[in-house]
Amino acid sequence: MRIGHGYDVHKLVKERNLIIGGCKINYPLGLLGHSDADVLVHAIIDSLLGAAALCDIGNLFPDNDPNYKDANSLTLLKVVCEMIYNEGYSISNIDCTIIAQEPKLTHYIKFMQSNIANACNINESQINIKATTEEHLGFTGSLQGISAHAVCLLN
Ligand code: ZN
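In structure tokens form, the structure reads like this:
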């Protein structure tokens, strides 16, 4: 068994869609990034790459590569899962936490889990997503950005 950890942050700005876990969230601000800036999926990708010792997302999908401009991160996750499966690993489970002061994400969690399970070709019971706030503290608390952590176990 191999464990992996991923962490990602994106800045909240005007005039961007807020995409988290492949869901378009109804909110006036969005995350800034070269791709769709899906902070949760990026953390998951880094946890999977970390567990398989395959470097990281920035190495695999450089943010100066026009191919990945506005890329759907779920598509990138699919590519990463294929790499992991080709190495002979399977995903035991993925657990993640989104840290956002706003908006409330409760109603989106089920859809995020379904999107990620589909991209990874795993059951929804193998992926758990939690959302929390930092009680108005720090950069997430002051709405400057949203962060996400993910851990996974490969076997
Ligand atoms: Zn990212």
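Plus 47 on top of the position in the sequence shown (first one is 1) and you've got the numbering used here. All residues carry an ideal CB built from backbone N, CA and C; glycine is no exception.
Distance between residue j and residue i (C-alpha atoms, nearest Å)
i	j	result
TYR74	HIS154	13 Å
LEU59	SER194	10 Å
GLU181	SER189	9 Å
SER137	ILE131	7 Å
Delimiting residues of the alpha helix (DSSP H) encompassing residue i
i	result
LEU101	Per DSSP, LEU101 belongs to no alpha helix (DSSP H) and is neither H nor E.
GLY185	185-188
LYS157	156-167
Residue i - DSSP class collapsed to helix/strand/coil
i	result
SER82	coil
LYS71	strand
LYS125	helix
TYR136	coil
ILE50	strand
HIS110	The amino acid occupying residue 110 in the given sequence is Asp; His does not appear at that position. Coil at ASP110, not helix or strand.
First and last residue of the uninterrupted beta strand (DSSP E) at residue i
i	result
ASN175	174-179
* Pocket of the ligand ZN defined by Cβ to heavy atom distance under 5 Å -> ASP55, HIS89
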